[in-house]
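Those protein sequence lines, which keep their order, are chains S and D. So for the first sequence, the working numbering puts the first residue at 270; every next one is plus one. So for the second sequence, the working numbering puts the first residue at 661; every next one is plus one. Where a beta carbon is used, it is the ideal one built from N, C-alpha and C, also for glycine.
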Amino acid sequence: MSEVAPPEAVDLHAARVKVFKLQDTVFHQVTLVFAFIVLAALVGILVSLAIEAMPVLRQFGAPFLWTDVWNVPEERFGALAAIYGTVVTSVIALVIAVPVSFGIALFLTETCPVWLRRPLGTAIEMLAGVPSIIYGIWGLFVFAPLFSKHVQPYLQSALGDVPVIGGWFAGPPIGVGILTAGIVLSLMVIPFVASVMRDVFETVPAPLKESAYGVGCTTWEVVTNVVLPYTRVGVIGGIMLGLGRALGETMAVTFVIGNANRIVGSLYAPGTSIASTLANEFGEADPGLHISSLFALGLVLFIITFIVLAISRWLIRRGTAKQGI
Amino acid sequence: MPVTKRVFLKLAGVAVALSIAFGAPAALAADITGAGATFPYAVYTKWAEAYKAATGNQVNYQGIGSSGGVKQIKAKTVDFGGTDAPVKEADLDAAGLTQFPAVMGAVTIVANLPGFASGQLKLDGPTAADIFRGDITKWNDADIAKLNPGLKLPDTPITVSHRSDGSGTTYVFSHYMAKQSVAFMRDVGAGNTVNWPKNAVGGKGNPGVAANVQKIAGAVGYVDIADAMKNKMTFIALKNKAGHYITPNQDAVADAASGANFKVKGMAPDLLDQGHKNAWPITSATYVLAYEKGANAARQKGIVDFFSWSLNNGQKMAEDLGFVPLPPAVVKMVEAEMKNIK
């Protein structure tokens, strides 16, 4: 550039900068509005849930959360059975899904023959795209009868006498129930967790792994000492994504959980989850306390999801801090 | 020229007047909407289809649930509401609504008992109530054996299967059971959604309950007669008020209605546990709600036209779908009642 620019050129330049500035401001404002729409929707949902739930919270107070009663004719309501069902089915789902997904992801990234990677990966992604009602129908009509005939009786005779655990397998093996719901959920969660894990495992730089192999590490040692520490944050994110799906899943759970608003210690017993109670009872809920307690259940689910999100954030932050990134 | 022009204008004026006088209201009457109970959804839509073919008028019905139907008609968002649980007299008067039955149905007790023929196992009301409140837990219980002498009963645990969604079917069934047993009323209650015993399994909709009963050995459940027949389920014979054991069928339901007195405000006599010889005890009707004085006369007339046509021409269609048509005497009463809809 010349040292002394002609004045008209400076003007032109300034005008152009001005236009850019304006564009930037407009762009900034527009995206800000978009972002705030999300925030407003979130707050709006939370507030409207809270308003509708008010009559119940006023009537029963905090004990609503830990009362195991859901008696519609007598208008006595407590959320504990639904919370219990939601949490227990999700935990079962994760207990099954995390190791399996881990195995799938490891196989795909570390030991799978290259020609098989794409078809297997696509299959897993397609499994993630199956609508949840299909899982529900399959669970009720195919899985539950097989499970009650060929798996539940054997589990019962093998584990029924073991202290503590034995109680989990008590009661008639009827196929539907908390355990079945957990297993069907795990199938729905696996593709999500597995594909996230595979993606993050692929981000591990090849030189890192190769040097580990170079010093004579086995595949297992490479995975536990290099891949996992490097990807801890992503793996936690994937698991939380799966947990989020399990907590909120409605249709499939409604089909197979047995829909009994009670807590029975056994995993064979029918139970209910927050989402399935809402799906079942909203249509014909009587105005007044019944409807209001369904809104209160919705609020509880909202808060549980929020807590899960907060915990995962915290785990991720701790993970990153440890890694020193 | 001016003459022809004047004639033309006159003709046009007449045409416009004619269309205002006849064309427009006829077009308005064509479209009426209703919403409510899901139980009669199949028969209302079938009637609507046939009615449109016969008259060219359109009727839309949305199955959103009985309480939804009452809410929507009170909010005046629909022309008529449908409900399985009849609205009480006082509420009808307060809202200016008229109510009449449209079609009947029955709730049946079905079981999964391999080796038993339909209607082979017999129960009376109190014993059935004890089963459904979780007090009798095995099929070879002494109370069941007493009613079935000579029948070899299995040592299978009983799994009660019920509706998980709030429903008119549950409403009818639980009210019958509550009539039979004070303990049932105390433990389970009566209503759209009730308090089932532990280890009872809930299924969504009649098909959900039917599926659970068919999949779980030793299950017992309640299903509306249409779904039970469609799925060829094993019925349990139930003792009626006259002391006969009845296996549910459409004649037994019609018999229950013929003994009831429909000449009451709201036209909703209690059809449960009727005294006729062959009456099926768990019989119910589904009701239509409409305003006595509606805002739109043409639409009000549309409601009357549709149900008059259906009650007189739709019996066969209702039967084919597993419903039970109103007896002719009751149809006459409904037609008289509909004169109030203006």
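Legend entry - Counted within 10 angstroms of its Cβ, other Cβ atoms place A565 (chain S) as buried (16 or more) or exposed: Position 296 of the first sequence holds residue 565 (chain S). A565 (chain S) comes out buried.
Inset, instruction - Decide if I402 (chain S) is buried, meaning its Cβ has at least 16 other Cβ atoms within 10 Å, or exposed. - result: As a first step, residue 402 (chain S) is located in the first sequence; it is residue number 133 there, counting from the start. Counting Cβ neighbours within 10 Å, I402 (chain S) comes out exposed, since fewer than 16 surround it.
Legend entry - Residue(s) in a DSSP beta bridge with Y951 (chain D): The sequence position of residue 951 (chain D) within the second sequence is 291, counting from 1. According to DSSP, Y951 (chain D) bridges with D:L757.
Legend entry - Cβ distance (whole Å) where M837 (chain D) is taken to contact A888 (chain D) below 8 Å: Locating residue 837 (chain D) in the second sequence gives position 177, counting from the first residue. Locating residue 888 (chain D) in the second sequence gives position 228, counting from the first residue. Wrong, their Cβ atoms sit about 17 Å apart, outside the cutoff.
Inset, instruction - Below 8 Å CB to CB, which residues in the same chain sit around G588 (chain S) once its five sequence neighbours on both sides are set aside? - result: Locating residue 588 (chain S) in the first sequence gives position 319, where the first residue counts as 1. Same-chain partners within the cutoff: R501, V502, I505.
Legend entry - DSSP three-state assignment for Q1014 (chain D), whether helix, strand or coil: In the structure displayed, chain D extends from 661 to 1002; residue 1014 (chain D) sits before or after that span and is not available.
Legend entry - Buried or exposed (CB count within 10 angstroms, at least 16 for buried), N866 (chain D): Counted from its first residue, the second sequence places residue 866 (chain D) at position 206. Per the 10 Å Cβ criterion, buried.
Legend entry - Residues bridged to N720 (chain D) [DSSP beta-bridge criterion]: Taking the second sequence and counting its residues from 1, one reaches residue 720 (chain D) at position 60. Paired residues: D:T693.
Inset, instruction - For the beta strand (DSSP E) holding S821 (chain D), just list the boundary residues, first then last. - result: Residue mapping note: residue 821 (chain D) aligns to position 161 of the second sequence, counting from 1. Residues 819–823.
Inset, instruction - Could you spell out where the alpha helix (DSSP H) holding Y711 (chain D) opens and where it closes? - result: Within the second sequence, the letter at position 51 stands for residue 711 (chain D). Start and end: 701–715.
Legend entry - Proximity winner among D:A912, D:F792, D:D784, relative to T943 (chain D) (alpha-carbon distances): Counting from 1 along the second sequence, the entry for residue 943 (chain D) is found at position 283. Here the closest residue by C-alpha is D:A912.
Legend entry - Terminal residues of the alpha helix (DSSP H) in which K844 (chain D) lies: The count along the second sequence starts at 1 and reaches residue 844 (chain D) at position 184. Sequence check: residue 844 (chain D) is Phe here, not Lys. Element bounds for F844 (chain D): 842–847.
Legend entry - Those runs of the beta strand (DSSP E) which lie wholly inside the segment 872–916 of chain D and span at least 3 residues: 879–884, 897–899
Legend entry - 7 Å Cβ cut-off: residues of chain D touching I262 (chain S): Since the displayed chain S opens at 270 and closes at 594, residue 262 (chain S) lies outside it and no answer follows.
Inset, instruction - Report yes or no: do the segment 917–937 of chain D and the segment 710–723 of chain D share at least 3 C-beta pairs separated by less than 8 Å? - result: no
Inset, instruction - Would you kindly work out how many angstroms separate the C-alpha atoms of E343 (chain S) and F792 (chain D), rounded to a whole number? - result: Locating residue 343 (chain S) in the first sequence gives position 74, counting from the first residue. Locating residue 792 (chain D) in the second sequence gives position 132, counting from the first residue. Cα-Cα distance, rounded: 18 Å.
Inset, instruction - Note the first and the last residue of the continuous alpha helix (DSSP H) segment covering F371 (chain S). - result: Position 102 of the first sequence, counting from 1, holds the residue named residue 371 (chain S). From DSSP, the alpha helix (DSSP H) with F371 (chain S) extends over 349–375.
Inset, instruction - Give every residue of the same chain whose Cβ lies closer than 7 Å to the Cβ of A687 (chain D), excluding the five residues on either side of it in the sequence, and list them in chain order. - result: For this step, residue 687 (chain D) is matched to residue 27 along the second sequence. Legend: pLDDT at A687 (chain D) = 42, less than 50; position of this residue unreliable, no value from coordinates given.
Inset, instruction - Determine the contact status of I1001 (chain D) and V948 (chain D), defining contact as a CB-CB distance below 7 Å. - result: As a first step, residue 1001 (chain D) must be located in the second sequence, where it is residue number 341. As a first step, residue 948 (chain D) must be located in the second sequence, where it is residue number 288. Against a cut-off of 7 Å, the Cβ pair of V948 (chain D) and I1001 (chain D) comes out as no contact.
Inset, instruction - Use the C-beta contact count for E518 (chain S): other C-beta atoms within 10 angstroms, 16 or more gives buried, fewer gives exposed. - result: Here residue 518 (chain S) refers to the residue found at position 249 when the first sequence is read from its first residue. Buried, since its Cβ has 16 or more Cβ neighbours within 10 Å.
Inset, instruction - Mind checking which residues open and close the beta strand (DSSP E) that includes T743 (chain D)? - result: Locating residue 743 (chain D) in the second sequence gives position 83, counting from the first residue. Looking at the DSSP string, the run of the beta strand (DSSP E) that includes T743 (chain D) is 740–743.
Inset, instruction - Work out the CA separation of M323 (chain S) and F333 (chain S) for me, nearest whole Å. - result: As a working mapping, residue 333 (chain S) is identified with position 64 in the first sequence. As a working mapping, residue 323 (chain S) is identified with position 54 in the first sequence. Going by the C-alpha atoms only, they are around 12 Å apart.
Inset, instruction - Give the interface partners of V873 (chain D) over in chain S, defined as CB-CB distance under 7 Å, in chain order. - result: Residue mapping note: residue 873 (chain D) aligns to position 213 of the second sequence, counting from 1. Going along chain S, no residue has its Cβ under 7 Å from V873 (chain D), so there is no contact; the nearest lies around 11 Å.
Inset, instruction - Would you decide whether Q1003 (chain D) is buried or exposed? Buried here means 16 or more other CB atoms lie within 10 Å of its CB. - result: Coverage of chain D is limited to positions 661 through 1002, which leaves residue 1003 (chain D) absent and any answer about it impossible.
Legend entry - Whole-angstrom distance between G527 (chain S) and V357 (chain S), CA atom to CA atom: The residue given as residue 357 (chain S) occupies position 88 in the first sequence. The residue given as residue 527 (chain S) occupies position 258 in the first sequence. The straight-line gap from Cα to Cα measures roughly 14 Å.
Legend entry - Any C-beta of chain D under 7 Å from that of N494 (chain S): Residue 494 (chain S) sits at position 225 when you count from the first residue of the first sequence. So, not an interface residue.
Inset, instruction - Return the CA-CA distance between A392 (chain S) and A463 (chain S), expressed in angstroms with no decimal places. - result: In the first sequence, counting from the first residue as 1, residue 392 (chain S) sits at position 123. In the first sequence, counting from the first residue as 1, residue 463 (chain S) sits at position 194. Computed Cα separation, rounded: 11 Å.
Inset, instruction - For the beta strand (DSSP E) holding V861 (chain D), just list the boundary residues, first then last. - result: Locating residue 861 (chain D) in the second sequence gives position 201, counting from the first residue. Run containing V861 (chain D): 861–863, per the beta strand (DSSP E) assignment.
Inset, instruction - Under 9 Å between beta-carbons, which chain S residues line up against V854 (chain D)? List them in chain order, please. - result: Numbered from 1 along the second sequence, position 194 holds the residue referred to as residue 854 (chain D). Result: N340, V341, P342.
Inset, instruction - Please confirm if G865 (chain D) has its CB atom under 7 Å from at least one CB of chain S. - result: Here residue 865 (chain D) refers to the residue found at position 205 when the second sequence is read from its first residue. Answer no: the Cβ-Cβ gap between G865 (chain D) and chain S never drops below 7 Å.
Legend entry - Through-space distance from A695 (chain D) to G725 (chain D), alpha-carbon basis: Translated into the one-based positions of the second sequence, residue 725 (chain D) becomes position 65. Translated into the one-based positions of the second sequence, residue 695 (chain D) becomes position 35. If you take the alpha carbons of G725 (chain D) and A695 (chain D), they lie about 8 Å apart.
Legend entry - Closer than 7 Å at the beta carbon, the chain D residues around G440 (chain S): Along the first sequence, read from residue 1 onward, the residue named residue 440 (chain S) stands at position 171. Those are N859, listed as they occur along chain D.
Legend entry - Same chain only: Cβ atoms within 6 Å of F699 (chain D), ignoring 5 sequence neighbours per side: Position 39 of the second sequence holds residue 699 (chain D). Contacts found: D744, G828, T946.
Inset, instruction - Examine chain S for any beta-carbon lying closer than 7 Å to the beta-carbon of G741 (chain D), and answer yes or no. - result: The residue given as residue 741 (chain D) occupies position 81 in the second sequence. Chain S, which has no Cβ nearer than 7 Å to the Cβ of G741 (chain D), makes this no.
Inset, instruction - Check whether the Cβ of D430 (chain S) lies closer than 6 Å to any heavy atom of the ligand GDP, and answer yes or no. - result: In the structure on display, the ligand GDP does not appear, and there are no ligands present to speak of.
Inset, instruction - Label H835 (chain D) either buried or exposed according to how many other C-beta atoms from any shown protein chain fall within 10 Å of its C-beta, with 16 as the threshold for buried. - result: Counted from its first residue, the second sequence places residue 835 (chain D) at position 175. Buried, by the Cβ-count rule.
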